[in-house]
Amino acid sequence: MSDELPNETTPLLGPTQVPESSSLPVPATAVPTPHRVHFLDNLRATLTILLILHHSALETVYKRNYSDQYTKSQLLPFSLFTAINKSYLWSLFFFTSGYSTSLSLLSKSSDRHFLKSRTLKIGLPALVYAYGGHLILFLYLAFGWEDIFGSYKAGWAFIRLSGPIDYVAILLVLDYIHLCVRWTRRRWPERFAIISNSRIFNLLRPTSRLRFYTLVTSFMTILVVFTFLSCIGIHLPPNVIFFAFPYDHPGVDVPLSGVIAYLTGVHFSSIRRYLTIKPSLAYATLFLSTFVAYLSMAVVQSISPPLWRFIELPTLFSSIYFFIDGGFNPHTIFFTFWNALVFLTIPISLISIFAQAPWATRDWGFWTRHTYTQTYINMIFILIAIHRFQSIHNLFIRTVLVGIFGVIGSWLMVYTPILTLRAVEYLVRRYHRVLGVSDSP
0 MSDELPNETT
10 PLLGPTQVPE
20 SSSLPVPATA
30 VPTPHRVHFL
40 DNLRATLTIL
50 LILHHSALET
60 VYKRNYSDQY
70 TKSQLLPFSL
80 FTAINKSYLW
90 SLFFFTSGYS
100 TSLSLLSKSS
110 DRHFLKSRTL
120 KIGLPALVYA
130 YGGHLILFLY
140 LAFGWEDIFG
150 SYKAGWAFIR
160 LSGPIDYVAI
170 LLVLDYIHLC
180 VRWTRRRWPE
190 RFAIISNSRI
200 FNLLRPTSRL
210 RFYTLVTSFM
220 TILVVFTFLS
230 CIGIHLPPNV
240 IFFAFPYDHP
250 GVDVPLSGVI
260 AYLTGVHFSS
270 IRRYLTIKPS
280 LAYATLFLST
290 FVAYLSMAVV
300 QSISPPLWRF
310 IELPTLFSSI
320 YFFIDGGFNP
330 HTIFFTFWNA
340 LVFLTIPISL
350 ISIFAQAPWA
360 TRDWGFWTRH
370 TYTQTYINMI
380 FILIAIHRFQ
390 SIHNLFIRTV
400 LVGIFGVIGS
410 WLMVYTPILT
420 LRAVEYLVRR
430 YHRVLGVSDS
440 P
């Protein structure tokens with residue numbers, strides 16, 4: 000249990016600490032002593048590893064040798080893997096961010112303290128990287144190792160090192176809106192009391208399992224409609240999001256899926272008993288939902304060329320940003336419901352497991368507590384690995400090796416200076432301790 004204030008060394012998701020309960024009264028102005036929520040650390044680390052594996056699959060296919068002519072059957076497993084990831088992975092990141100925000104607001108002395116900490120530790124580094132650090136890093140890598148990282152003249156080579164800038168921007172907007180709502184509620188409590196006691200608000204308040212399921216059904220209906228409209232081109236996500244992903248375009252349900260997941264995380268403490276299911280059931284649900292997601296998409300894409308073109312991993316000369324042939328047709332309707340099913344079932348299963356299973360709620364070690372930097376630097380190690388393993392023609396083996404190298408390399412780059420600093424601090428303390436003993440009479 001930590002005796003320090005919340006540690007925001009994981010800005011992508013925020014602090015994972017909550018106030019420590021005590022049987023003794025504390026002053027009203029005191030800041031609670033926090034303790035870590037280990038399942039958030041563990042879930043965050045797992046999601047980061049999945050993200051690196053996702054990038055590994057994309058890049059290995061994207062930069063495959065021109066002599067390698069892979070068949071559709073060879074590309075299909077990786078295309079399914081990345082398509083399913085887009086339906087739930089980023090949403091889970093937003094969920095953990097929302098929950099971390101609520102925990103951080105509990106442990107901070109004031110909302111202003113949280114706002115300052117969030118802006119300086121998340122927004123400022125992302126801003127510096129977006130408007131300078133990104134370009135410097137790319138030019139350094141491109142001029143020194145053009146055969147690995149691409150020419151400095153190629154726009155696609157520059158954008159692939161953009162990191163989680165778009166994610167951080169959306170997250171900060173959601174955090175600021177959440178803070179504004181909290182401030183407004185405190186500023187005009189009478190008006191908010193009228194709203195909170197209204198009939199519509201009471202219907203939306205998940206005070207029972209039935210009401211919670213009704214609320215979930217309503218949100219899923221809205222998500223299905225939003226996804227369908229995006230597929231047919233009526234309501235597309237902001238173009239700026241697509242420009243940041245030359246080959247790894249976000250899902251068509253962005254940004255609504257992220258907003259729903261963020262709100263779920265913010266209110267997770269109050270809806271946890273309704274949202275989570277028993278771990279034994281969660282394991283079965285995770286397996287079944289994943290199996291159905293893979294199998295159903297594999298079957299439908301085999302009879303729907305437009306759907307295959309949409310989920311197919313791109314190459315240097317082919318990138319599909321938008322849904323293909325969207326309209327009132329079978330493959331569009333299937334995709335809208337399939338996307339909502341994946342968005343709902345896989346995250347609920349994972350959250351239930353990580354929040355309740357003994358192996359997932361225990362402390363996995365310090366390696367789970369610093370995962371933000373990996374989202375910026377993982378592409379460096381992925382591209383190095385692709386260059387190193389380009390002689391391997393088996394796509395599956397090469398992708399697995401690239402993924403392993405990307406994960407290990409990213410973590411080593413982050414933790415080598417941390418462990419070195421800790422070792423130096425330990426040696427300094429030990430030296431002073433020995434020196435103090437030798438100087439004593």
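For the sequence shown, position 64 (counting from the first letter as 1) is numbered 63 according to numbering that gives the first Met the number 0, and the numbering increases by one without interruption.
Ideal Cβ positions, reconstructed from N, Cα and C, are used throughout, including at glycine.
Predicted model only: the values in this text are computed from it and were never measured.
What do you get for P24, buried or exposed, if any count of 16 or more other CB atoms within 10 angstroms of its CB means buried?
At P24 the pLDDT is 38, less than 50, meaning the model places this residue with poor confidence; the figure from the coordinates comes in the next sentence. Exposed: under 16 other Cβ atoms inside 10 Å.
Is L170 near S96, with beta carbons less than 8 Å apart?
yes
Can you give me the C-alpha to C-alpha distance between N338 and F93, rounded to a whole angstrom?
Answer to the nearest angstrom: the Cα atoms are 17 Å apart.
For the alpha helix (DSSP H) that H248 lies in, which residues bound it at each end?
Neither: H248 is in no alpha helix (DSSP H) and is coded neither H nor E.
Under 8 Å between C-beta atoms of S55 and L312:
no
Simplified DSSP state of I231, which is helix, strand or coil:
coil
Roughly how many whole angstroms lie between the Cα atoms of V60 and T419?
36 Å
From the DSSP output, in three-state form, read off G122 for me.
helix
L88 to H431 span [Cα, whole Å]:
48 Å
Pair every Cβ in the segment 210-228 with every Cβ in the segment 135-151, then say whether three or more of these pairs are closer than 8 Å.
Short answer: they don't touch.
With 16 other Cβ atoms within 10 Å as the buried cut-off, status of N393:
exposed
Is the separation between the beta-carbon of I158 and that of I383 shorter than 8 Å?
Not a contact, by the Cβ cut-off of 8 Å.
What is the residue span of the alpha helix (DSSP H) that E311 lies within?
It is not in any alpha helix (DSSP H) - E311 carries neither H nor E in the DSSP assignment.
Own chain residues within Cβ distance below 6 Å of Y130, not counting five before or after:
none
Where does the unbroken alpha helix (DSSP H) through K71 begin, and where does it stop?
It spans 71-106 - the alpha helix (DSSP H) in which K71 sits, taken as one unbroken run.
Local conformation of W363 per DSSP, three classes
It is coil, neither helix nor strand.
With 16 as the cutoff for other CB atoms within 10 Å, does T70 come out buried or exposed?
exposed
Could you please give the first and the last residue of the uninterrupted alpha helix (DSSP H) stretch that includes N443?
Here the chain comprises residues numbered 0 to 440, so residue 443 is not present and cannot be evaluated.
Can S351 and P254 be called in contact, C-beta distance under 8 Å?
no
As assigned by DSSP and simplified to three states, the class of F148
helix
Nearest by alpha-carbon distance to L57: which of I345, T81, A141 is it?
Looking at the Cα atoms, T81 is the closest of the given residues.
Does the beta-carbon distance from T335 to V223 come in below 8 Å?
In this structure, T335 lies near V223, with their beta-carbon atoms less than 8 Å apart.
Assigned secondary structure, N393 (DSSP; H/G/I helix, E/B strand, else coil)
In the structure shown, N393 sits in coil (DSSP, three-state: anything other than H, G, I, E or B).
Rounded separation between Q373 and P188 - CA only
Roughly 42 Å separates the two Cα atoms.
Rounded to whole angstroms, what is the Cα-Cα separation between R429 and R421?
12 Å
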